[in-house]
Amino acid sequence: FLFSTNVMGKIPCCDKNGLKRGPWTPEEDKKLIDYIQKHGHGRWRTLPKNAGLKRCGKSCRLRWANYLRPDIKRGRFSFEEEEIIIQLHSVLGNKWSAIASRLPGRTDNEIKNYWNTHIRKRLLRMGIDPVTHTPRLDLLELSSAICSTLYNSSSPHNPQINVPNLLGIGPIMDPDLLNLATTFLSCQQNQIGFSQINQTQFQSQLTQASQIQNPVQEIQSCTTSNTLNVPFLSYRVLQM
DNA sequence: AACTCACTCAACCGCCTACAT
DNA sequence: TATGTAGGCGGTTGAGTGAGT
Numbered sequence: 001f002l003f004s005t006n007v008m009g010k011i012p013c014c015d016k017n018g019l020k021r022g023p024w025t026p027e028e029d030k031k032l033i034d035y036i037q038k039h040g041h042g043r044w045r046t047l048p049k050n051a052g053l054k055r056c057g058k059s060c061r062l063r064w065a066n067y068l069r070p071d072i073k074r075g076r077f078s079f080e081e082e083e084i085i086i087q088l089h090s091v092l093g094n095k096w097s098a099i100a101s102r103l104p105g106r107t108d109n110e111i112k113n114y115w116n117t118h119i120r121k122r123l124l125r126m127g128i129d130p131v132t133h134t135p136r137l138d139l140l141e142l143s144s145a146i147c148s149t150l151y152n153s154s155s156p157h158n159p160q161i162n163v164p165n166l167l168g169i170g171p172i173m174d175p176d177l178l179n180l181a182t183t184f185l186s187c188q189q190n191q192i193g194f195s196q197i198n199q200t201q202f203q204s205q206l207t208q209a210s211q212i213q214n215p216v217q218e219i220q221s222c223t224t225s226n227t228l229n230v231p232f233l234s235y236r237v238l239q240m
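Take the first sequence: its position 121, counting from 1, is numbered 121 in full-length UniProt numbering, and each next residue is one higher.
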């Protein structure tokens, strides 16, 4: 169908020139493919006119790059591809085109969509910040603080409460890990080198916990003011 | 069957950078 | 050097669709 109205609340450049927007028809796809196979894409700005398309150059480029290119790999991402994406994202961040360049047949748009709809959510459920690729210690700190307060004041009339569940964040990690994380945070705040405590133990438990814990509910905000500069390596994403 | 809700992903926009003039 | 243009990128949107009630 045609986007005759401005559905996104903005004035699209194509409308100004009377150009078509929205989903591509098979006929348009064929025109674009035929033209590029014969002439190459050349200058995207002049391509639509030469190819007989009422589209802007940007739209043609995007359609070709993300959908019509012959070397595009279709279908679900393999586990190996997923791991590569996570590893590259931990290094490159949201540089989707850079990530895509290392995954033959995959487009930046496809990887970006897959990250936002699958991987990001899965990392959050595992208690891992998808931006920093580190454990979400903001949650650990909050949960630990409330737990310790309530446990200290518990009595026969005050049965122990599952604080993380009450907070809607579910079980995060086991108590030992929670203590280690709290220690780590404390060291950070006191400018003490964590390596002086037990970094190896901490990291190994984090890795272990990320592999065995049950999924926890996703929290809306994933930004943290308490991010660590410790790369959270060697975790594997749980298949669901 | 009808409706609601959540999820997916193609397509768009605005911004940025590289390059030409 | 300043300005204009084209192409590329990342963030966002919303139609389509399937699952659940």
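Backbone N, C-alpha and C define an ideal beta-carbon position, used for all residues, glycine too.
{"query": "Host alpha helix (DSSP H) of Arg-120 (start-end)", "result": "120-125"}
{"query": "Counterpart residues of Ile-128 in DSSP-defined beta bridges", "result": "Pro-135"}
{"query": "Pro-175, DSSP secondary structure in three states", "result": "Residue confidence for Pro-175 is low, a pLDDT of 39 falling below 50, so the modelled location carries little weight and cannot support an answer."}
{"query": "Beta-carbon proximity check, Ile-128 vs Gly-105, cutoff 8 Å", "result": "no"}
{"query": "For Gly-42 and Thr-25, the rounded distance between their alpha carbons", "result": "22 Å"}
{"query": "Exposure of Glu-27, with buried meaning 16 or more beta-carbon neighbours within 10 Å", "result": "exposed"}
{"query": "Sequence ranges, alpha helix (DSSP H) only - wholly within the segment 41-73, length at least 4", "result": "47-51 and 57-63"}
{"query": "Anticipated Cβ contact below 8 Å, Ile-84 with Trp-115, distance rounded", "result": "Rounded, the Cβ-Cβ distance is 12 Å, inconsistent with contact."}
{"query": "Pairwise C-alpha distance: Arg-69 and Asn-109", "result": "13 Å"}
{"query": "Ser-101, DSSP secondary structure in three states", "result": "helix"}
{"query": "Contacts around Glu-81, its chain only, beta-carbon distance under 8 Å, and the 5 residues preceding and following it disregarded", "result": "Leu-103 and Arg-106"}
{"query": "For Ser-90, three-class secondary structure by DSSP", "result": "helix"}
{"query": "Selection from Ala-65, Tyr-35 and Asn-66 that minimises the alpha carbon distance to Leu-53", "result": "Tyr-35"}
{"query": "Bounding residues of the alpha helix (DSSP H) (the contiguous stretch that carries Pro-26)", "result": "26-39"}
{"query": "Straight-line gap, Ser-101 to Leu-19 (C-alpha atoms, nearest Å)", "result": "31 Å"}
{"query": "Residues near Cys-60 by beta carbon distance below 7 Å, same chain, minus five either side", "result": "Leu-32, Trp-44, Leu-47, Pro-48 and Leu-53"}
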